[in-house]
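Residue numbers (UniProt numbering): 1 to 229. The block underneath contains the structure these notes are about, expressed in structure tokens.
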């Protein structure tokens with residue numbers, strides 16, 4: 001008996017489930033349009049809620065005031081020019097210091113003294129140089145720059161003799177020696193060859209006349225001393 005009751009209970013539950021499913025399947029299509037309409041209404045209401053309520057008017061911006069008309073240009077009165085009255089010259093005279101503008105040249109129109117340009121002194125005439133000069137005629141006598149000592153003759157040393165030779169020679173403008181001549185020798189002719197050989201190697205700074213080198217005659221004495229050997 002108990003099993004029958006449980007079977008009936010299960011059967012009743014199954015029937016009720018089938019009925020509920022049938023109701024859902026049959027009633028669901030009818031429910032969908034309602035939900036869509038309600039959704040549309042809610043959307044419309046939301047839009048109406050955001051819009052201005054009826055009776056509220058949009059505030060109008062106040063109109064800009066019109067620009068005032070431009071002012072007419074101001075007329076600036078021109079200053080009245082009063083004619084100036086010339087003052088008599090007697091009131092404008094000024095005392096000026098007196099200048100003596102007179103010059104000795106009558107052709108000068110301005111009368112300003114002008115210093116005459118200095119006249120150049122005439123150049124000193126260059127002296128006419130001679131072919132040669134004596135030592136007393138030159139401004140600067142020749143000076144030896146290279147001078148070798150004459151060789152003492154062997155015969156004079158053997159005889160223990162001293163000697164002197166007076167010579168005359170020309171120092172040219174390049175300082176070289178030429179035209180040597182023996183004026184006097186003591187003892188005669190003993191030292192002549194030694195003097196001539198030495199003088200040909202001597203060199204001098206030339207004599208000058210007003211700064212210009214000239215050929216100069218030189219006279220000198222060459223002394224031989226046995227005790228200086």
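Positions of the beta carbon are idealized from the N, C-alpha and C atoms, including for glycine.
How would you label residue i, buried or exposed, when you count the other beta carbons within 10 angstroms and need 16 or more for buried?
i: residue 186; result: exposed
i: residue 211; result: exposed
i: residue 7; result: exposed
i: residue 181; result: exposed
i: residue 223; result: exposed
i: residue 15; result: exposed
i: residue 188; result: exposed
i: residue 218; result: buried
For residue i and residue j, I'd like the C-alpha separation in whole angstroms.
i: residue 145; j: residue 229; result: 23 Å
i: residue 22; j: residue 9; result: 20 Å
i: residue 209; j: residue 158; result: 46 Å
i: residue 213; j: residue 165; result: 28 Å
i: residue 220; j: residue 184; result: 11 Å
i: residue 18; j: residue 24; result: 10 Å
i: residue 42; j: residue 26; result: Its pLDDT being 48, under 50, residue 42 is placed unreliably in this model, and the coordinates cannot settle the point.
i: residue 190; j: residue 225; result: 13 Å
i: residue 179; j: residue 169; result: 5 Å
i: residue 128; j: residue 216; result: 15 Å
i: residue 204; j: residue 227; result: 28 Å
i: residue 177; j: residue 139; result: 19 Å
i: residue 162; j: residue 137; result: 33 Å
i: residue 155; j: residue 194; result: 12 Å
i: residue 5; j: residue 11; result: 10 Å
i: residue 143; j: residue 149; result: 16 Å
i: residue 207; j: residue 167; result: 18 Å
i: residue 171; j: residue 147; result: 13 Å
With H, G and I counted as helix, E and B as strand and the rest as coil, what does DSSP make of residue i?
i: residue 6; result: helix
i: residue 17; result: helix
i: residue 154; result: helix
i: residue 22; result: helix
i: residue 229; result: coil
Please determine whether the Cβ atom of residue i lies at a distance below 7 Å from any heavy atom of the ligand ADP.
i: residue 173; result: With respect to small molecules bound, the structure shown includes none, and the ligand ADP cannot be examined in it.
List in chain order: all unbroken beta strand (DSSP E) runs of 3+ residues lying wholly within the segment 169–227. 177–186, 203–205, 207–209, 212–214 and 216–224
With three or more C-beta pairs closer than 8 Å as the rule, is the segment 131–138 touching the segment 192–200? no
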